[in-house]
Each structure stands twice: as C-alpha cells, then as structure tokens.
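Enquirer: Be aware that the sequence shown starts at 1, since it is given in the UniProt record's numbering, and climbs by one per residue. Glycine included, each C-beta is placed from N, C-alpha and C at the ideal position.
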Amino acid sequence: MRIAATLVLLISLISCGAERTKIDELNSIHELAERIVGKENAGNFIFRKTESNSENDEFEIDFENGKVLVSGNSTIALASGLNWYLKYETNTDISWETRHIKLPEELPAAAKPIARKSAFTYSYYLNYCTFNYSMAFWDWARWEEEIDWMALNGVNLPLAIVGTEAVWKNTLKRLDFTQSEIDHFIPGPAFTGWWLMGNLEGWGGPVTDAFIQKQLVLQQKILKRMKRLGMNPVLPGFYGMVPQALKAKYPDADIRDQGLWAGGFQRPAFLSPTDSLFNTISKIYYEEMKKLYGDIEYFSGDPFHEGGITEAIDLPTAGKNIIDGVKAVYPKATWVFQGWGGNPQAPLLADIDPSNVLILDLDCDNRPQWEHRNGWDGKPWIWNTVTNFGGNVGMFGRMDVIAQEPFRALKQTEYAQGLKGIGAIPEGIENNSVIYELLFELKWHSDTLDLDQWLRQYVKRRYGKDDENLYTAWQILRKTVYGKKLSETESQQGTSESILCARPSLKIDQVSTWGTSKLYYDPSELLQAWTLFINEADSYKNVEGFQYDLLDITRQVLANYAQVVHRKMVDAYQNDDKPGFDEAANEFLQLLDDQDQLLSSDDCFMLGKWIEEARRAGTTPSEKKLFEFNARTLITTWSFQNSNLHEYAHREWSGLLSDFYKPRWEMFIDYLSQKMEGQEPDEPDYYAFELAWTKQTETYPSKAIQDPVNQAVRIYKNYHAEIESDYRGD
C-alpha cells in the first residue's frame, strides 16, 4: 500500500508539474502577443498547446468563438503561428526597421484552417561576431525586441554569449589569478566574440566589475526570456582556450602557444584537452556557469578557430574529453561546432557519439561544406547563411539560392541524413531584413517556395497594399542586389563594398582585406528599381518600410556610382588633366556629402546612435570613454596596430562619412593635386589620422535630422540623369 501511495503521489506531482509548465508556456505566448499587438488586440487570440510525437514544430490556425485560435506543439510553434496569421491575414510587417501593425477591429478569419509542419527540427540564429558588430552595447529593452523577433520567426536555438565575462572571472579567481591578470584576459565589449573563439585576449579592456555584474544580470534576463519562449540557448563552452598567463602558473601542463591571429593579435594559449589540468578547469568553468545561468543543454566552442596549432595533439581524445568535460556537469549537453574554414576537423569528431554534437555549416549559400564533407558523415548539422560580414552596410543576398538550397540538401538522402535545421549566422544584423524573413519562413515549407508569389505578398505587407510598380521594383532587386549566385569559383563575403569607405588609392578593388568592391550585377538595372520607388514616393511617404527601402536603394545607387566618379578622377590624374581632376574630385566629395546627408534621415545609418549606446553601457566616466574607444576602433582600425583588419567593419553611416572617410579622401585629393602642380608632398599617413580619430570624443546626432523621402527625391533629381548617362557611356 505504501509503495502504491508513493507511486500515486509521484504521478500526481509529475502531472501537476507538466500542467504548470503548459500554463507557463501559454502565459509566455500571451505576453508575447501583448507586446506585439497590444493587450486589447491580444485578447482576440486563443493559444492552445497540443501534443505531438514529432520533434519538429507544427501549428494550426483556425477560429473559435469569434477569436483567432492558434494551436501548436511548442511555444515557438505558437509564436510562429501568431506571426503567420499576422503576416498573411492582416499584412503585418515586423522587422528590425519597421513595425507595420494595423489590425482591423474585427480580425479576419482565414479562408480555411491553416496547418503547417516544419521540415526542420532547429532554427539557429546568431554568430559570435554579431554580439560585437551589432549587439555590443545593447540593453535589455533592445534585447527584448530581438528575442520577440526570434520567437515570431521560429528561432529555437539562439546563441547567447552575453555575460561570459562573469563565468571566466569566477573561474580564474578559483585558479588564483590576480585582478590584474584577469583584467589582462577579459576584453572590452566590442571584442568578446573573438576572445571566446580563441583569437585574442584583453583588447579593448579592462572592464569594471560593475560592468561584468551588469552583463551578468542582462544575460540572466536574456536566458529566462529565451527559455520561457521555448528556445534552447547556446552558451560558450570550455574547449581549452586559456589565458597566456596560465603557463606561468602551471609550467608542467601541456599548454600550447597558438601563434598570431589576424590583426597581429596574440591568441590566448590552448590547454590540451588530453592534459589532466583540462578536466580540473573544465569542471570549475561549468560549475561557475551553472551557478550563474542554471541548466543549459547546448554549448559551443571551436578549438583551432581560424588557425591555431594542432601538432602532436591527439585530436580524437581531445574531442571526447571536451564533450566529457561538459557532460560531467551538464549530462544532457550537446556540443555545437562551427563548420568553417576546414573545422571541425574529422579526427576531432572521431570518438564523439554523433548524438552529442551538432554542426553548423556556416556559409551554405556561398561556400557550403556539406557535400565536400559527405553530409558531415551523418552527424546532425544545420544549413546556415552568413550573409553579412563585419556589419558592413550594403544591399546584398542570394534570394533564389536561399529559397532552393536547403531543400536540395534535404532531397539528397546520402547527405541529408543528419540535416536537422536552417539558420542565420550573420556577423552583423539590422540590414537586408528581407533575407532573414525569407530564410526563417523556409522552416514552414517542405519544398522550394514560389518566390514570385512570396515577393508579391511581401510587398503587400511591407507597404500596406498591393502595388504592381513596387512588386516590379522588388523583382529587379531580386535580380540585382539580391541575385548573387552560388559559385565555387566566385564566392563573395557579403556585400560589394562601398569605395567611399576605402582607404584612398588610385586603384580600389576592395575596402577590406577579404572583401570586394566588384559589382556582380549591372548597376544601371538598379536605377530602374530606384525610379519605380521614386514614382511612388507621394503615395507611401508616411509608410515606414517604404521610407527605409527608398533610402537604402538611394544609398546603394550612390555607393555604386562612386566607382564611376573615382575612375573619372583617376583618369584625369593619370592624363595630367588638372581641370578635369579638380572637377571629378569635387564631384566625388559632393557625393560623399550627399550620402552623409541622406543617411542622417534614419537612425539605423547614424554613427551617433552607435557611440551613444557605447557610452551608455559604461558604468563610470572612464569606462564610458573606453567603450567609445571600443566602438570607434571596431568600425575603423579594428586592431591595436595598422593591420589587415582595418576597414573590416566599415559602415556607410552619417557622421562616419563626414568625419572619417571624407577627411581621408581630402588628404588623398590634396596629395595628388600637389603632385600635379609639380610639388613633392609626403604621402598621407592615413593610419595616424585613423588612430587619432578612435581616441576622439566628439558627439554626433543619434536621431534622424532629415526626412528620408525628401532626401531621396532630392538626390534623384540631382543625380539620376547624370548616372544614367554615364552608365550608357554618353
């Protein structure tokens, strides 16, 4: 009897626990709906959790008692169902730059019940780099918006690296590190991603304990919200990256120098996972992680990321020890590897149970590895796109490739065995939002979607109604800026770079070391889309999405045309045509001014916003100044010296164009002008200027000071005929 009573009690407790979980999930989705559509409108939705044997998300949309009924087998499925209804039944558009939500008093019923089942288990999101190129100085309010966006778009596996400073600080204290030694290891807020990937240490620091505590609290909020919405956050694991200073404390341990990374940075040391000290530090690290952030099921970390030395390391044993280390504290843990630059190496995975790993094939729309790596030998993997590098500004994407390639992979049974998801791993966000909306919607399709139909629906919700001219314009955008092909011989990291942001030179093929300024489309075709948007300016001048898109197209047209004006200037110089040189130089500088003024009409394109966020993140006056230095350095010189990282994170931003890029071009033009006059001037020292600029503290406007539509129309009137003529070769 006693045993039976105990069993009844246990069953009752389990049942009550499951019921509480279901109630909490429904509460979280109701709260999400209230944040998105407002409390009153949220009352017109019913959310119902359903049971399912599938590990993939599924939802249904119907009507019940005059309300919209969204049923789903997970919280993320319910959020996705809400988003689907808003998008396709009410023309709602929620993106980084828009929040077009205009619900009618009586919500429309779908013509028939809508049912969607995901072809994928996972929807992954974020790159270590995103946390610096875009998110370095975010507060909880901005994070809350992003997590809501993730939920609506079906993301269930987001990277979450905020607050890792606290884990490392506590770990190092237990290893008898001094405060000074800890300060030399933890970097500033603009460089944490590369620290955690084992590329650098200490750069941009030191940060205060108050800031570390602030980030700890922020991460706790982030994780709590992600988990409540049904996401499984991925946190940085311990894979052997340790401070250089550890070598002096444990001279007998197998601690390896990993050489230099890009920019001349000394990498952190690497503690071989086959050394007994590895298990000691791994245990401490995860104990501290658990104290601060609770139960976690997914961890990431990549030994030998972008280089590193593997010589004489027993890779199979190392891989197994990395997994065993995390499982000692987190028994349910799965390790997430980045498939990038030849990693993860096959021997590293050899002795790991496939069920304990998940591989992110990072750059599948550009440099996919899954075919070359035999479908990752059946191990679970995710099809991802990077799309943006360095947070660079530029219209770019492979729309047709993204719509087709994941399903091509799914259909190849010999490679698709382990394909478990899709994902976005951008280095920078808050641009080209159409690409992310398309990508994450693929979760709810079982085959290549009809992009013609999808774009027509996108235009309708983006601008509030059907418009044939804007649809035609978007088809042009699809063919041009969003039409980069997948080619093994012509891969391209992100957008074609704006030469306005380049260090001045007579010949410019690229702005950053690994980028290109070469256009992969005919820029004259983009003019057609520009004209179609301009012709609709009066009709849509108050529509947020239209304002942003018109501005961005105008910006792209000017960025492209800068190459033509630059060639005029160079040709005049090389032909010793001083009047022609002066005319072209003035035209180039005027174009810079016009671009700067255009971009001052939207907060998203303003340097002042970036710097203001950086200063706000600091906890003391000196830290605010340090964080401004972080913010300025990341987007210009990047490194502590003149290196191959300069301009990697360049931005076409108002304020940056006027006060950083333009002065450099003026130095260049003045230098060439003096040479044409027979003088022998010293070559400009661009790095000296750049370094001085990173240490300045000038304030810039952080809110729009122009009207985007008026600015775009002004520029169209001033430039269109001339650009069209030059492209025709008149």
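1. List in chain order: all unbroken beta strand (DSSP E) runs of 3+ residues lying wholly within the stretch 289–349.
2. Cutting at 6 Å between CB atoms, please list the residues of its own chain near S95, excluding the five before and the five after it.
3. Among all the DSSP beta bridges, which residues are the ones paired with R48?
4. Give the single residue among A572, H566 and V511 whose Cα lies nearest to the Cα of L589.
5. Based on Cα-Cα distance, which residue from Y85, G515 and D552 lies nearest to W530?
6. Helix, strand or coil for A649, going by three-state DSSP, please let me know.
7. Under 8 Å between the Cβ atoms of E652 and Q563?
8. Which full runs of the alpha helix (DSSP H) of 4+ residues lie inside the stretch 533–618, going along the chain?
9. Helix, strand or coil: which one does DSSP assign to G375?
10. Only counting the same chain, and skipping five residues up and downstream in sequence, which positions put a Cβ closer than 6 Å to that of N73?
11. Please classify A190: is it buried, with 16 or more other beta-carbons within 10 angstroms of its beta-carbon, or exposed?
12. Below 8 Å on the Cβ atoms is my guess for T495 versus G394; work out the distance and round it to an integer in Å.
13. For the stretch 201–264, which segments carrying the alpha helix (DSSP H) assignment without a break, of at least 4 residues, lie completely within its bounds, in sequence order?
14. With a CB to CB cut of under 6 Å and the five nearest residues on each side skipped, what residues in its chain are close to F45?
15. If E427 sits next to N644, beta carbons under 8 Å apart, how far is it from one beta carbon to the other, in whole angstroms?
16. Pop quiz: L159 and V234 are said to be a contact at Cβ under 8 Å. What is the actual Cβ separation, rounded to whole angstroms?
17. Around the Cβ of T192, are there at least 16 other Cβ atoms within 10 angstroms (buried) or fewer (exposed)?
18. Can you give me the start and stop residues for the beta strand (DSSP E) that R519 sits inside?
19. I'd like the span of the alpha helix (DSSP H) that includes T192, first residue to last.
20. Between which two residues does the alpha helix (DSSP H) containing T448 stretch?
21. Who are the Cβ neighbours of I352 in its own chain at under 8 Å, not counting the five residues just before and after it?
22. Anyone know if the C-beta pair for I309 and T387 falls short of 8 Å?
23. Under the three-state reduction of DSSP, which class applies to S654: helix, strand or coil?
24. Closest to A712 by C-alpha separation, out of Q556, L672, R616 and W638, would be which residue?
25. Is any heavy atom of the ligand COA found at a distance shorter than 7 Å from the C-beta of H566?
26. Could you tell me whether the Cβ atoms of M676 and F581 are closer together than 8 Å?
27. Quick one: grab the DSSP three-state call for W514.
28. So what's A269 in DSSP terms, helix, strand or just coil?
29. Considering only the beta carbon of each residue, do G263 and W638 sit closer than 8 Å?
30. By DSSP's criteria, residue 751 is part of a beta bridge. Which residues make up the other side?
Expert: With the structure as the only source:
1. 298–300 and 334–339
2. S433
3. S71
4. H566
5. D552
6. coil
7. no
8. 537–540, 544–574, 578–599 and 607–617
9. helix
10. T50, S52 and E58
11. buried
12. 3 Å
13. 209–228 and 246–249
14. A33 and V68
15. E427 to N644, Cβ: 16 Å. No contact.
16. 5 Å
17. buried
18. The identity of residue 519 in the sequence shown is Leu, whereas the question assumes Arg. Where L519 is concerned, there is no enclosing beta strand (DSSP E), given that its DSSP letter is neither H nor E.
19. T192 to L196
20. Taken as a continuous stretch (DSSP letters only), T448 belongs to no alpha helix (DSSP H), as it is neither H nor E.
21. G319, K320, I323 and W335
22. no
23. strand
24. Q556
25. The model depicted lacks the ligand COA and carries no ligand whatsoever.
26. yes
27. coil
28. strand
29. yes
30. In the structure displayed, the chain extends from 1 to 730; residue 751 sits before or after that span and is not available.
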